[in-house]
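Numbering (this note's numbering), first residue to last: 262 to 726.
Backbone N, C-alpha and C fix where the C-beta goes; we use that ideal spot for every residue, glycine too.
One structure is given here, and the rest of the page talks about it.
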């Protein structure tokens, strides 16, 4: 009991002395890990960055250890007073230290020209080459032409050149050389021998890799999973927009009979315009959706094909008609004052080209202070005889006619007409401008326009928009 107490007191004194030595020394040291892993079979050091601040006067310093490790840089280096210097420190563990794996704490010292010595520890991770790397592959399925092989570095250590020879029952042997950084994953794709694959059943298979890096050489073993596949291949083709075709094919590329099922769903609207090339095995409805099923047991190399054709022309046409009718109804019901314009051919005694223009103005609600303005093209002249309501203003210069109406009651209509003619014949389409009506309703000034009226001279028929 007394002996153990003495040992405890001695250990505490050593720690106090060590701490006192650090605190008394006029430098501050911070360590940054660059690479703390050492591969036991490879002569590559661990690497740290030492940030050393000289709190005292300028001095020459040396980093060293008494047991287990050599440090570089060797010899002394100078740090001026108050200067901060970053030094790359390489730690080379001795063979005896590298013979055991795991975390190893190493004592290092920094000594200046004076008597003080700074003492601290470094932690290294010693790893066997065989434990540093793992090999595996992605899952392999029947019919695959290639497979991806994966090599993974599990530690903070760089392999500048890794030479690997893979062996497997699926492709024989293949050799690759590549670099593998710290904690990096390398993937290579190799071709699969389909002839060898045909004789293999689903399950786990070995993937062996003979690997060397520098002086280290090891055998690595991983697994390849050959997954089971029913052999059912699905192919779906969709074409067209208005006339839409969907062709679904399920083909058994395996070597055993397989039950195949195709499902197509339609809403209750589109199903009315859909045709199937074969009768479904089962049909059921859920809410607004109708489900169609086809099922068949397929032997090797047999197929189940279903074609669904939907003609959207009918619903689109119906929607277009409804939209046009709704628009016309909206225009008709929202217009307080309606102005329509018509034009008709008139036979003149002198053989001139003449047209009668009629303007129909009708009101759905009470309106007042109505001004009807119409214009005629410059190639024609105005015949100065008018209908029941002559214009209030006529401007030959501006080609303009104007009628003024005090008011119109709901359902009341007025018709204005005039004749235009030309001694020069007009061939083809003869179009007249729109008539503009400006009126007042509930104290607001509103405007409406008529349709465009035109006349085809070669047919002598009146046409209106």
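{"Asked": "Completely contained beta strand (DSSP E) runs for the region 593-672, where each covers 3 or more residues", "Found": "598-608, 614-624, 628-636, 642-644, 654-656, 661-669"}
{"Asked": "7 Å Cβ shell around residue 457 - same chain, five flanking residues per side excluded", "Found": "430, 431"}
{"Asked": "Nonlocal neighbours in the same chain, by C-beta distance under 7 Å from residue 480, ignoring five residues either side", "Found": "469, 471"}
{"Asked": "Delimiting residues of the beta strand (DSSP E) encompassing residue 430", "Found": "Taken as a continuous stretch (DSSP letters only), residue 430 belongs to no beta strand (DSSP E), as it is neither H nor E."}
{"Asked": "Nearest neighbour of residue 571, chosen from 534, 384, 665 [CA to CA]", "Found": "534"}
{"Asked": "Nearest-angstrom Cα separation, counted from residue 322 out to residue 345", "Found": "13 Å"}
{"Asked": "For residue 317 and residue 289, the rounded distance between their alpha carbons", "Found": "10 Å"}
{"Asked": "Backbone CA spacing between residue 410 and residue 563 [nearest angstrom]", "Found": "34 Å"}
{"Asked": "Boundaries of the beta strand (DSSP E) in which residue 390 is found, first to last residue", "Found": "Run containing residue 390: none in the beta strand (DSSP E); it sits in the alpha helix (DSSP H), 390-393."}
{"Asked": "Cβ contact check for the region 293-304 and the region 328-346: 3 or more pairs under 8 Å", "Found": "no"}
{"Asked": "Closest Cα partner of residue 699 within the set 628, 673, 398", "Found": "628"}
{"Asked": "For residue 482 and residue 412, the rounded distance between their alpha carbons", "Found": "11 Å"}
{"Asked": "Residue range of the alpha helix (DSSP H) that includes residue 356", "Found": "356-359"}
{"Asked": "Sequence-distant residues of its chain with Cβ nearer than 6 Å to residue 621 (five each side left out)", "Found": "601, 676"}
{"Asked": "Identity of the residues DSSP links to residue 570 by a beta bridge", "Found": "506, 536"}
{"Asked": "Cβ-based burial, residue 583 [other Cβ within 10 Å; buried from 16]", "Found": "exposed"}
{"Asked": "Backbone secondary structure at residue 518 - three-state DSSP", "Found": "coil"}
{"Asked": "Counterpart residues of residue 324 in DSSP-defined beta bridges", "Found": "371"}
{"Asked": "Residue 362 beta carbon less than 8 Å from that of residue 328", "Found": "no"}
{"Asked": "Residue(s) in a DSSP beta bridge with residue 586", "Found": "DSSP lists no partner for residue 586."}
{"Asked": "Residue 497 versus residue 530 - alpha carbon distance", "Found": "23 Å"}
{"Asked": "Whole-angstrom distance between residue 372 and residue 282, CA atom to CA atom", "Found": "Its pLDDT being 45, under 50, residue 282 is placed unreliably by the model, and the measurement read from it follows with that caveat. Rounded to whole angstroms, residue 282 to residue 372 spans 11 Å at the Cα level."}
{"Asked": "Own chain partners of residue 307 with C-beta closer than 6 Å, once the 5 adjacent residues on each side are dropped", "Found": "296, 297, 299, 352, 385"}
{"Asked": "Residue 516 burial status per 10 Å Cβ neighbour count (16 or more: buried)", "Found": "Only weak support exists for where residue 516 lies, its pLDDT of 44 falling under 50; the value from the coordinates is given anyway. Answer is exposed; the Cβ neighbour count stays below 16."}
{"Asked": "Beta carbon of residue 499 nearer than 8 Å to that of residue 539", "Found": "no"}
{"Asked": "Span separating the alpha-carbon of residue 669 from that of residue 599", "Found": "12 Å"}
{"Asked": "Identity of the residue in 638, 655, 639, 636 nearest residue 645 by Cα", "Found": "655"}
{"Asked": "Euclidean distance between Cα positions of residue 691 and residue 706", "Found": "32 Å"}
{"Asked": "Per-residue burial, residue 726 [other beta carbons within 10 Å of its own, 16 or more giving buried]", "Found": "Its pLDDT being 44, under 50, residue 726 is placed unreliably by the model, and nothing is read from it."}
{"Asked": "Integer Cβ distance of residue 368 from residue 326, believed to fall under 8 Å", "Found": "6 Å"}
{"Asked": "Inter-residue Cα distance where the pair is residue 532 and residue 552", "Found": "10 Å"}
{"Asked": "For residue 303, the three-state DSSP class (helix, strand or coil)", "Found": "coil"}
{"Asked": "Residue 415 vs residue 395 beta-carbon contact at 8 Å", "Found": "yes"}
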